[in-house]
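Taking it in order: structure first as C-alpha cells, then the write-up.
Chains as they are written, first to last, in the working numbering: chain A, 331 to 567; chain B, 42 to 334.
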C-alpha cells in the first residue's frame, strides 16, 4: 500500500511551550486515518503544521513523496493537501455558492469546476437549496457540509478534517461521518482529527492516539476500539 | 446658487470617495489603518505635475504615471514596513504608527525636493472647455473628474462583487486563516491590495490637484483627516460606505461654506459627522467587525 503523507519527528511550539513534541506517523493512500486524543493533546496544532499555517520547530513533512515542510500554505492546497478547519471556518459574509466557488481557487482546470460543483450539490442537496444565502445564516450542520463541500471543490488528494463533529447534534454527526465514508469510497484519502474517539475509530482503517504532544498508541481502528487503555481513557468504560 | 454648489459638491465628494475607497480597502483586507495614504495622494499629484511640465506628457498619461508611482510607493510601504510587522504579529497600533512615520518622511522629503510653495498645472494643459446647463456653469474638467472617480469605483465594486479575485479579497477580509486554507496567496493579495489602494489614492491626488489647481507638500494632511472621517462614517472597510460617506462630506463641506460660513466649512461638516456617529456608532454600512483568528 502506498503512503500519501509521511511525517517525521514533527515538533511545533507556541513561544516557549512545545505543543507537539516529535510526532512520527504516516497516512496510507486511499484510507481514512484518525488522530484522536483529548482536548489540548496537540491535534489541531499538528494539522495546522501540515497545512503550513504553523511553522514546525523541527521535523519533516512529505506529501506524495515530496518534501513540503517549507512550502507556503497556498501551494500545499494547490498540490491537493486541503484542510477543513476546526469551527467550520466558512466565510459568513459570502453566499454558499461564493464559498464553493472560492474553494476552487487554486484549480487550473477551470472547465471541470462546474462539474465538481454539481458533485458537491449531489452530495449535499441542502447546499444547492441555499446557494444564494449568506453562509452565516446556515445551521451548524449545514455549515459543516459547506466547509467539507468547499474543501472538495479544491479537488483534494488528501482531506484533513479538524473536529468535524464539534458542536453538532448526534444525528448530524452520524450524517457527516456517513458522508466522509462515502467520499473515501470514491478514492479520497482522509485524515480525521477528533475528540469523538468512538465515532472516529469506527470509520478509520488506522488510528493514532495522541497525548500531550506524543503519539502513545497506534493500531488499526478496530483494535484501538477494543484496546483497554483506549476504552478506559476515552470511552469511559 | 444652489445648482452650481451642488455640482462643486459632487466633484469634491467624488474625489473624497475615491480617496477613501483605497483607504477603506486596505483597512478591510489588511486590517491596517494606513496613515501614509495622504502622503501617497500628494505624491500622485506631484508626479503628474512633473510629467506634464517636464516631459510635456498629456494629462491622461500623467494620471497613469501618477497611479503607477503612487501604487509603487504603496507596495513599497507594504513590503518594507507592514509585512515585517505582520510576520512579527505586531499589535494593530504599531503599523498605524509606522505609517505616520512614512507620511512624515514622504511629506518632508517632498518639501525638500519641490519646495513648500504652491505649484500649479500650466493653464494651457488643462481642458478649458465649458458650457452652460441652464444657469449652471459646467467645466469639462469637472465632468471628467466625476466620471473618472465613478468609473474607478464601479470597476473596483464589480471586481469585488463578481470575480474570483474579489471573492478572495472578501475571504481575507473575513478570515485570513480560512483564506490560507482555501489556497489563497494571502501575502500576494496584501501586496496587490496595497498597490491598487495607493494607485487610487494617487489618482485622487491628481484629480484634486486639477480641480483646485494647487499642489503643495502638505496637501495630504487635510484629506487624510477627511478620509478617516469618511470611512468611519461609511462603516470601516465598506466600499459603499466610502462612496456615500465621501459624497456626504463633499456636500456638507461645500454647502456649509456657501451658505453658512466660508471659514467654517470644515467645522460644520465634521460637526455633522459627529452627530451622525452619535446615532450610528458603527457607521452607515458598518456592522460590528469581528475577525476570526
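Backbone N, C-alpha and C define an ideal beta-carbon position, used for all residues, glycine too.
Quick one: residues in its chain with C-beta nearer than 6 Å to the C-beta of residue i, no 5 flanking neighbours on either side, listed in chain order?
| i | result |
| --- | --- |
| residue 538 (chain A) | 355, 365, 545 and 548 |
| residue 308 (chain B) | none |
| residue 314 (chain B) | 270 and 274 |
| residue 107 (chain B) | 85, 88, 89, 243 and 247 |
| residue 560 (chain A) | 554 |
| residue 183 (chain B) | 52 |
Is the beta carbon of residue i less than 8 Å from the beta carbon of residue j?
| i | j | result |
| --- | --- | --- |
| residue 519 (chain A) | residue 488 (chain A) | yes |
| residue 401 (chain A) | residue 382 (chain A) | yes |
| residue 536 (chain A) | residue 226 (chain B) | no |
| residue 111 (chain B) | residue 255 (chain B) | no |
| residue 73 (chain B) | residue 125 (chain B) | no |
| residue 523 (chain A) | residue 552 (chain A) | no |
| residue 244 (chain B) | residue 121 (chain B) | no |
| residue 376 (chain A) | residue 430 (chain A) | no |
| residue 350 (chain A) | residue 543 (chain A) | yes |
| residue 81 (chain B) | residue 54 (chain B) | no |
| residue 119 (chain B) | residue 235 (chain B) | yes |
| residue 480 (chain A) | residue 472 (chain A) | no |
| residue 443 (chain A) | residue 434 (chain A) | yes |
| residue 335 (chain A) | residue 357 (chain A) | yes |
| residue 144 (chain B) | residue 250 (chain B) | no |
| residue 541 (chain A) | residue 389 (chain A) | no |
| residue 432 (chain A) | residue 209 (chain B) | yes |
| residue 564 (chain A) | residue 503 (chain A) | no |
| residue 418 (chain A) | residue 477 (chain A) | yes |
Taking the alpha carbon of residue i as the reference point, which residue from the options has its own alpha carbon closest?
| i | options | result |
| --- | --- | --- |
| residue 57 (chain B) | B:271, B:306 and B:180 | B:271 |
| residue 506 (chain A) | A:337, A:429 and A:453 | A:453 |
| residue 464 (chain A) | A:380, A:422, A:542 and A:351 | A:422 |
| residue 392 (chain A) | A:380, A:501 and A:350 | A:380 |
| residue 497 (chain A) | A:480, A:511, A:515 and A:525 | A:525 |
| residue 231 (chain B) | B:97, B:123 and B:99 | B:123 |
| residue 490 (chain A) | B:222, B:208 and B:109 | B:222 |
| residue 128 (chain B) | B:71, B:311, B:173 and B:300 | B:71 |
| residue 24 (chain B) | B:49, B:322 and B:44 | The displayed coordinates of chain B run from 42 to 334. Any statement about residue 24 (chain B) would go beyond what the structure contains. |
| residue 515 (chain A) | A:413, A:335 and A:360 | A:360 |
| residue 385 (chain A) | A:332, A:370 and A:399 | A:399 |
| residue 533 (chain A) | A:426, A:541 and A:512 | A:512 |
| residue 96 (chain B) | B:133, B:316 and B:166 | B:166 |
Would you list the one or two residues that DSSP bridges to residue i?
| i | result |
| --- | --- |
| residue 544 (chain A) | A:541 |
| residue 344 (chain A) | A:347 |
| residue 180 (chain B) | B:171 |
| residue 391 (chain A) | A:337 |
| residue 365 (chain A) | A:523 and A:538 |
| residue 300 (chain A) | Lying outside 331 to 567, the shown extent of chain A, residue 300 (chain A) is not represented and no answer is given. |
| residue 396 (chain A) | A:393 |
| residue 303 (chain B) | Per DSSP, none; premise fails for residue 303 (chain B). |
Going by beta carbon distance, what residues of the same chain come within less than 7 Å of residue i, once the five residues before and after it are set aside?
| i | result |
| --- | --- |
| residue 69 (chain B) | 214 and 278 |
| residue 258 (chain B) | 83, 148, 151, 152, 155 and 157 |
| residue 475 (chain A) | 454, 456 and 457 |
| residue 306 (chain B) | 294, 297 and 298 |
| residue 141 (chain B) | 76 |
| residue 407 (chain A) | 436 and 484 |
Excluding sequence positions up to five away, which residues of its chain have a Cβ less than 8 Å from the Cβ of residue i?
| i | result |
| --- | --- |
| residue 275 (chain B) | 61, 65, 281, 282, 283, 284, 285, 286, 287, 324, 325, 326 and 327 |
| residue 163 (chain B) | 93 and 94 |
| residue 333 (chain B) | With a pLDDT of 40 at residue 333 (chain B), under the threshold of 50, the modelled position of that residue is not reliable, and no figure is offered here. |
| residue 348 (chain A) | 341, 342, 387 and 543 |
| residue 175 (chain B) | 44 |
| residue 349 (chain B) | As displayed, chain B neither begins before 42 nor continues past 334, which places residue 349 (chain B) out of reach and without an answer. |
Using 7 Å as the cut-off, classify the Cβ of residue i as near or not near the heavy atoms of the ligand NAD, replying yes or no.
| i | result |
| --- | --- |
| residue 206 (chain B) | Inclusion of the ligand NAD in the displayed structure is not the case, the ligand content being empty and no account of it being possible. |
Problem - Within 7 Å of chain A by C-beta, residues of the stretch 195-225 of chain B in sequence order - result: 205, 208, 209, 211, 212, 215, 216, 218, 219, 221, 222, 223, 224 and 225
Practice task
Compile a chain-ordered list of the residues in the stretch 422-439 of chain A whose CB is closer than 8 Å to at least one CB of chain B.
Solution key: 422, 423, 424, 428, 431, 432, 433, 435 and 436
Exercise for the section: Output, in sequence order along the chain, the residues in the stretch 388-404 of chain A whose CB is closer than 8 Å to any CB in chain B. Expected result: 402, 403 and 404
Handout entry: Under 7 Å (Cβ pairs) to chain B, residues found in the stretch 445-461 of chain A
Key = none
Practice task
Could you list the residues in the stretch 365-383 of chain A with a C-beta less than 8 Å from some C-beta on chain B, going in chain order?
Solution key: 381, 382 and 383
Problem - Members of the stretch 407-421 of chain A near chain B, C-beta cut-off 9 Å - result: The stretch 407-421 of chain A vs chain B, Cβ under 9 Å: 407, 408, 412, 413, 414, 415, 417, 419, 420 and 421.
Practice task
Quick one: which residues of the stretch 516-539 of chain A get their C-beta closer than 7 Å to a C-beta of chain B? List them in chain order.
Solution key: none
Exercise for the section: Report the residues of the stretch 481-499 of chain A with a CB closer than 7 Å to any CB of chain B, ordered along the chain. Expected result: 484
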